[in-house]
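Which chain is which? The protein sequence lines are A and B, in order.
Each residue of the first sequence is one higher than the last, beginning at 1 in the UniProt record's numbering.
Each residue of the second sequence is one higher than the last, beginning at 1 in the UniProt record's numbering.
All residues carry an ideal CB built from backbone N, CA and C; glycine is no exception.
Inspection log for the structure reproduced underneath, given as C-alpha cells.
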Amino acid sequence: MLPLSLLKSATGCPILIELKNGETYNAKLHSMDLWMNMSLTDAVRTSRDGNDFWHVPQLYIRGNTIKYIRVPELVLGIVEEERAARQQRRADRSNRSSGGSRRSAGGGRNRHGGRRDRRDHPQWQ
Amino acid sequence: MSAKPKGKSDQSGRPGGRKSMLLDFVNKRVGVITNDGRMLVGNMLGYDQVCNIVLDKCVERVFEPNQPMQTISSDSLNTFIIRGDDIAVIGEIDSEKDDKESWTGKTGHPIKPVVH
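And the structure:
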C-alpha cells in the first residue's frame, strides 16, 4: 500500500499532522497532491509545547514541512474497498472488449484485436 | 540487441529493477527511529520511492533514564504515514521475542535527535 494512496483515501476524514517544527494540526483532509501538500478544513493547531491552541478554519500545508500524519484505522478499510471496486471495473471492461465483438475485419480493431495502444504507433512498429 | 535491463525480474514486479530492500519489511513488525529521536513500533504496510512509510497499529516507546519505559498509543489515530525525510532507521522486530520481552519497568536513555 503506497503512503500517498492511503492519504488520498483519507480525504474527508479527520487526521492529525505533525510538522517538522513540532506543531500539530488536527483537521479534516480536504485534498492532497503528489508532493503531500494538503489543504485542510476546520483545523486545530497545537503549539510545539502543547499548551496553546488555535482554531483555523482553512489552511494549506506544504508537504515537505510534514514529519508524520496519523489517520484513523478505518481508512485501511476504505483503501481495500476502493481496490476491489477498481478490480471489478477492470474485469467488466475486459469482458466487454473480449466478448461479443463480431465485427468485420478492420472495424476499428487493430491487428492485436484489442484497442489501440502504444505499440500500434508507427514509431513502435 | 535490445537494451533490456539485465536484472532478473523478481517479486518487486518492477521491470528489471533490483528489488527494493524495504520490501523485506512489508507486513512485518518494524521499529522506526525518527530524526527527532523517537521510537515508533508498528506493522509496516507499505512504502514508496522516497521512503515514506505506512505503519499500522503504531505505538511510541518512550525511554527515560529514571523511569520505566512508556508506550504511547491511541485508539483512534493509530495508523501513521511517516514522511521519508524524517526517518533515520527502520529495522525489523522479531515479534515473538518482542512479545516475550517484558518491557514494563525497563529504563533507557532517550535517543538524541539527528543534527544536520
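7 Å Cβ shell around residue i - same chain, five flanking residues per side excluded
i      : result
A:K8   : M32
A:H30  : S39, L40 and T41
B:A88  : I33, T34, N35 and V114
A:S104 : With a pLDDT of 49 at A:S104, under the threshold of 50, the modelled position of that residue is not reliable, and no figure is offered here.
B:S73  : V59
B:E96  : none
A:T65  : L19 and K20
Chain-ordered neighbours of residue i on chain B, where CB pairs are closer than 9 Å
i     : result
A:N37 : Those do not exist, as A:N37 stays about 12 Å from chain B at its closest Cβ, beyond 9 Å.
A:N64 : R83 and D85
Chain-ordered chain B contacts of residue i [CB-CB under 7 Å]
i     : result
A:L2  : G46 and D48
A:Y68 : F80, I81, I82, R83 and D86
A:E23 : The contacting residues do not exist; A:E23 stays about 13 Å from chain B at best.
Cross-strand partners of residue i (DSSP beta bridge)
i      : result
A:K28  : A:P14 and A:T41
B:D56  : B:N43
A:T46  : A:T24 and A:F53
A:L74  : A:L74 is not bridged to any residue.
B:E64  : B:Q67
B:T107 : BP columns for B:T107 are empty, so no partner.
B:V32  : B:L40 and B:I90
B:F80  : A:R70 and B:L55
Listed by chain order, chain A residues near residue i by CB distance under 8 Å
i     : result
B:I33 : Near B:I33 there are no residues of chain A at all, since even the closest Cβ is about 13 Å away, more than 8 Å.
Neighbourhood of residue i by C-beta distance below 6 Å, restricted to the same chain and skipping five residues each side
i      : result
B:V54  : L45, G46 and I81
A:G63  : W35, M36 and N37
B:H109 : P65
B:L22  : Y47
A:K28  : P14, T41 and D42
B:D86  : T34 and N35
A:N26  : L16 and V44
Proximal residues of chain A, C-beta to C-beta of residue i below 7 Å
i     : result
B:D24 : Residues of chain A passing the Cβ test: none, with the nearest at roughly 16 Å.
B:V54 : M1, P3 and L6
Whole-angstrom C-beta distance between residue j and residue i, which should lie under 8 Å
i      : j      : result
B:G42  : B:K57  : 6 Å
B:G91  : B:C51  : At roughly 14 Å, the Cβ-Cβ gap does not stay under 8 Å, so B:G91 and B:C51 are not in contact.
A:T24  : A:I15  : About 11 Å; that fails the 8 Å criterion.
B:F63  : B:T107 : 7 Å
A:K67  : A:L19  : 6 Å
A:A10  : A:V75  : 5 Å
B:L77  : A:V71  : 7 Å
B:I111 : B:M39  : 7 Å
Chain-ordered neighbours of residue i on chain B, where CB pairs are closer than 8 Å
i     : result
A:L16 : L77
Residues near residue i in its chain [Cβ-Cβ closer than 8 Å; skip 5 each side]
i     : result
A:Y60 : N37, M38, S39 and L40
B:V26 : M44, L45, G46 and Y47
B:D24 : E92
A:L4  : M32, L34 and M36
Item to complete: Give the residues from the segment 28 to 62 of chain A that approach chain B closer than 8 Å (Cβ to any Cβ), ordered along the chain.
Response: If the cut-off is 8 Å between Cβ atoms, the segment 28 to 62 of chain A has M36 near chain B.
Discussion item. If the cut-off is 8 Å on Cβ atoms, which residues from the segment 75 to 109 of chain B count as contacting chain A, listed in chain order?
Written reply: The segment 75 to 109 of chain B vs chain A, Cβ under 8 Å: S76, L77, N78, T79, F80, I81, I82, R83, D85 and D86.
Practice prompt. Return the residues of the segment 76 to 92 of chain A that lie within a Cβ-Cβ distance of less than 7 Å from chain B, sorted by chain order.
Written response: Within the segment 76 to 92 of chain A, the residues whose Cβ lies closer than 7 Å to some Cβ of chain B are L76, listed in chain order.
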